[in-house]
Amino acid sequence: MESKKIAEIMVNIVNTTPTPIEQYLEDYNYCPLCGDELLYTHVTHFGHSLVKEEAHCESCKIKVKNNDHKLQ
94 MESKKIAEIM
104 VNIVNTTPTP
114 IEQYLEDYNY
124 CPLCGDELLY
134 THVTHFGHSL
144 VKEEAHCESC
154 KIKVKNNDHK
164 LQ
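Quick note: the sequence shown uses the working numbering, first residue 94, plus one each step.
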């Protein structure tokens, strides 16, 4: 019995594990419940040297983040 080569298959194996920076950006920009993009608002209080940052999801109607950042 003689063997013949009838096809050649090239396979690219792609690493689907996100890098730490990709994972951080995903967590920061997208809703953990539905995956939609988060809407951020920033309010600056110059008298208190403070910026209030809030993020919410318009699809889920939930507030996801509420952070205060000190101005220098």
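Quick reminder that beta carbons are idealized off the backbone N, C-alpha and C, glycines included. Because the structure is a prediction, the values reported are computed rather than measured.
Determine contact between the segment 148–157 and the segment 116–132, defined as no fewer than three beta-carbon pairs at a distance below 8 angstroms. yes
The alpha helix (DSSP H) enclosing GLU170, as first and last residue numbers: As shown, the chain starts at 94 and ends at 165. That puts residue 170 outside it, with no answer to give.
Pair within 7 angstroms by beta-carbon distance, ASP161 and LEU143: yes
Neighbour-count burial assignment, LEU164, 16 or more Cβ in a 10 Å radius: exposed
Beta-ladder partner(s) of LEU143, from DSSP: HIS138, LYS163
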